[in-house]
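Line by line, the protein sequences are chains S and V. One point on numbering: in our numbering, the residue at position 133 of the first sequence is 133, and numbering is uninterrupted. One point on numbering: in our numbering, the residue at position 25 of the second sequence is 1025, and numbering is uninterrupted.
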Amino acid sequence: MRIVQTKVLLGVIAAVVVAWMGLTPVHAQEVATAKSRVRMVRAFCTTGPCDAGFTFQSGSAHINRMKQPKPISKRKLGKIRILGLEATTASVALPSSLEAVVTARFLYDTVDPDGDCPNLGSDSVERLATSSMFCRANVDGRATCGGDLLLPLGTFDTRCTDVRVTMHDLDIEVFEFGMVGTDSAKIATQGISLIASEPDCSSGGSGCP
Amino acid sequence: MRKILSLLLGAVVVLAAQSSYAQAKGTATARLRMARAMCATGPCNPLFNFRAGSAQFKRLKQPKPLTRRSVGRIRLDGVTRTSPGGLPTLLDGVVTARVNFDPIDPDGDCAAVGSDTTQVIATSSMSCSQKGAAAVSCRGDIVLSAGTLDDPDCTDVQQYFSDVVVEVYEDGGTGDDTKKIARNGILMTGKTPDCESGGAGCP
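This is the structure we're talking about:
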């Protein structure tokens, strides 16, 4: 009889706890975001391609799921690659490497269980990862470039691994090697490209309505 | 003879110009993840939370977008309410991007050639269905907005969308930060205790 009473009591307590949890404001997404796959397009500055010297066929960047405390010791965030890189003029040689940079707006949560994270509640734009992309020449005269996206040392503080971090406004850019930040050497950025079809639909192009 | 020669010369110039500017293939399917939209002081919309979400964009190829306006799909799973009240039946998705038109138009009739603007390129009306007692899953097609990829004069001009931002709002709340539930990004959850206090898995 006593065992049954204890079980009933425990059941009631559990039900109350679950109901209380259901009504408690939850300010947090419960699961870390899964792997993202973004595509790379030719970087455009206002008057045309930023780097008129190179073009490419396709490219992508994969960003893995980030789970604490792994980013403290494992620096690999994902991978990036550019396929079919070619020089737009014959006199320009294909590069042996490229450089990629990922920046993001970091928003630290306002809750820290032990209160020692110095970034608590902060909102700043910072470098999230970099990559030295190695290029190899293909038989068709183009190059394939790829590399790991690595977190810079000290990106995440050991005192903040118990704090939720949201990253918005991810910007992924690929530059000629040693030219990070120079618009005229920016080859690619993340985005979507749409290939044109000739003639246009005003001139009876195929597949037009 | 002179006409033929000038036509040939024109063709060579156009081809050379195209090869120096054009990415040869349209981008393949991209998948962005959705994180809870954060404003400076915390979640933009404190009333709703969700478990996971994504936005998927298909490969685009001219002239299909003129007639087929759906370019992808968006979903938010496990949408819950953080305080007593009803769950949503509809959500609004909005995609904003910087749109660059290539400076080359073979027949010179595209008005937007060489332009660079930031605008809403697509929207989604997401319908929600009940998943369990206290959660809904919401999903919808991403449909191109009027003024995006609908000019028949420009289907022969290469276009690029960069700085793509995907946002999800409560129904009718588009543009209001306090109604913004999700935005594309990365979420890294915390793990207690932290590495300074001997957390598991720490170096």
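Every residue, glycine too, gets a C-beta built ideally from N, C-alpha and C.
Is residue i near residue j, with beta carbons less than 9 angstroms apart?
i	j	result
S:E99	S:S131	yes
S:N64	S:G53	no
V:T1123	V:V1143	yes
V:V1166	V:I1104	no
S:D109	V:G1190	yes
S:E176	S:R142	no
S:V101	S:E173	yes
Checking contacts by CB at 9 angstroms: is residue i closer than that to chain V?
i	result
S:C201	yes
S:I195	yes
S:L170	yes
S:R39	yes
S:A137	no
S:E126	no
S:R75	no
S:C145	no
S:A43	yes
S:V92	no
My output table needs one value for residue i: the three-state DSSP class, helix, strand or coil.
i	result
V:D1109	coil
V:C1044	coil
S:R164	coil
V:T1178	helix
S:T47	coil
S:A143	strand
S:T158	helix
V:S1125	strand
V:D1171	coil
S:E173	strand
S:K186	strand
V:S1197	helix
S:K79	strand
S:C202	Looking at the sequence shown, residue 202 of chain S is not Cys but Ser. Residue state, collapsed to three classes: helix.
S:S58	strand
S:G73	Note that residue 73 of chain S is Ser in the sequence shown, not Gly. If DSSP states are grouped into helix, strand and coil, S:S73 belongs with the helices.
V:C1154	helix
S:G178	coil
S:G84	strand
V:L1032	strand
V:G1185	strand
Strictly under 9 angstroms for the Cβ-Cβ distance: is residue i near chain S by that measure?
i	result
V:L1090	no
V:M1126	no
V:L1087	no
V:I1186	yes
V:V1168	no
V:K1061	yes
V:G1114	yes
V:C1154	yes
V:T1178	no
V:G1190	yes
V:S1137	no
V:R1075	no
V:T1118	no
V:G1243	Shown here, chain V extends from 1001 to 1203; a query on residue 1243 of chain V therefore has no answer.
V:Q1130	no
Decide if the segment 1058 to 1066 of chain V is in contact with the segment 1083 to 1103 of chain V; the criterion is three or more beta carbon pairs, one per stretch, under 8 angstroms apart.
-> no
Only counting runs of 3 or more residues, tell me where the beta strand (DSSP E) segments fall wholly within the segment 96 to 140 of chain S, in order along the chain.
-> 97 to 108 and 123 to 137
Which runs of the beta strand (DSSP E) spanning at least 3 residues fall entirely within the segment 1051 to 1112 of chain V, listed in chain order?
-> 1052 to 1057, 1070 to 1081 and 1090 to 1101
Counting pairs of Cβ atoms below 8 angstroms between the segment 108 to 122 of chain S and the segment 133 to 151 of chain S, do you hit three or more?
-> no
Inter-stretch contact at 8 angstroms, needing at least 3 Cβ pairs: the segment 150 to 162 of chain S / the segment 1022 to 1039 of chain V = no
Using 8 angstroms as the Cβ pair cut-off and three pairs as the minimum, do the segment 1183 to 1199 of chain V and the segment 1144 to 1159 of chain V touch?
-> no
Check whether the segment 1025 to 1036 of chain V touches the segment 1172 to 1187 of chain V, taking contact to mean three or more Cβ pairs, one atom from each stretch, closer than 8 angstroms.
-> yes
If we count Cβ pairs, one from each stretch, closer than 8 angstroms, do we get three or more for the segment 175 to 189 of chain S versus the segment 1042 to 1057 of chain V?
-> no
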